[in-house]
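Reading through the structure tokens given below for one structure.
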Amino acid sequence: MFTGIVEATGTVAALERREGGVRLAVTTDLEVGALPLGASIAVDGVCLTVVERAGGRFAADLGPETLARTTLGGLRPGARVHLERPLRVGDALGGHLVSGHVDGVGTVVGRREAGTSLELEIAAPATVVATLVPKGSITVAGASLTINDVMGERFSVMLIPHTLTVTTLGALAVGAAVNLEGDLIAKHVDRLVAARLDCAAEAPTRDAAARKRANVG
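This is the structure we're talking about:
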């Protein structure tokens, strides 16, 4: 579990193609040498497992699902990525609850400077749109942000100067792809409501079938 508060950025050092996937190596100033093998770390919002680590460098394996459903498969050596170590019991929840399980990849469709801040407009897949509410939370490339507005299949976020300083989001150009994770609570509510509606829609059919069986009996 994470909070969406980016701790540091890292630099992709290598991408080694292996049977069934890719081994990603990242260099960073974050203290990763103390992380045990098998520990989790979020890379651009994707929860990965540390398989190698030393001072200033770690490696994680990217499986077919991760390569297909996130932006990590398109990384190249030299690319900068957001990093966050997992939340520990007792840590402050500065952002919001983030699982590190990407719901979909969005596309930056607009940029607008607003004084010292920057507004980004992002197109999102339907699975993410269902969890969006104005002033709610969204995770963009691992960063917890507040949704300004929702416009159909698009939403906007405002990046304040601090966010522009500590993340790579300010460098995103129109057309850039970003990992998106909808609010965890909103996803569960959406799923429960959908299941309840499905049950309600099926009830008349089940009742009619039951009455038919009773009449036949």
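Quick note on the working numbering: the sequence shown kicks off at 15 and runs consecutively.
Beta carbons are placed, not taken as given, at the ideal position from N, Cα and C, and that holds for glycine.
Query raised in the report: In the region 64-129, which residue ranges form an unbroken beta strand (DSSP E) of at least 3 residues, counting only runs that do not cross its ends?
Result: Counting only runs of 3 or more, we get 71-76, 94-98, 118-128.
Query raised in the report: Under a three-way DSSP split, which group does A39 fall into?
Result: strand
**Report entry** Three-way DSSP call (helix, strand, coil) for I55 in this model
**Finding:** strand
Query raised in the report: At what residues does the alpha helix (DSSP H) containing V147 begin and finish?
Result: Neither: V147 is in no alpha helix (DSSP H) and is coded neither H nor E.
Query raised in the report: Just the Cα atoms here: how many angstroms apart are E13 and S170?
Result: Since the displayed the chain opens at 15 and closes at 231, residue 13 lies outside it and no answer follows.
Query - N- and C-terminal bounds of the alpha helix (DSSP H) containing V180 - result: Secondary structure note for V180: its alpha helix (DSSP H) is the uninterrupted segment 175-180.
Query raised in the report: Can you tell me whether DSSP reads I136 as helix, strand or coil?
Result: strand
Report task. For A22, collect the residues of the same chain with a Cβ closer than 7 Å to its Cβ; drop the 5 residues on either side in sequence, then sort them by chain order. Result -> Excluding sequence neighbours, A22 sits near T42, D43, L44, L97.
Query raised in the report: Between the beta-carbon of H110 and the beta-carbon of S54, is there less than 7 Å?
Result: no
Query - Delimiting residues of the beta strand (DSSP E) encompassing L29 - result: Per DSSP, L29 is one residue of the beta strand (DSSP E) stretching across 22-32.
Report task. Output the distance between the C-alpha atoms of R32 and G108, rounded to the nearest integer angstrom. Result -> Whole-angstrom Cα-Cα distance: 37 Å.
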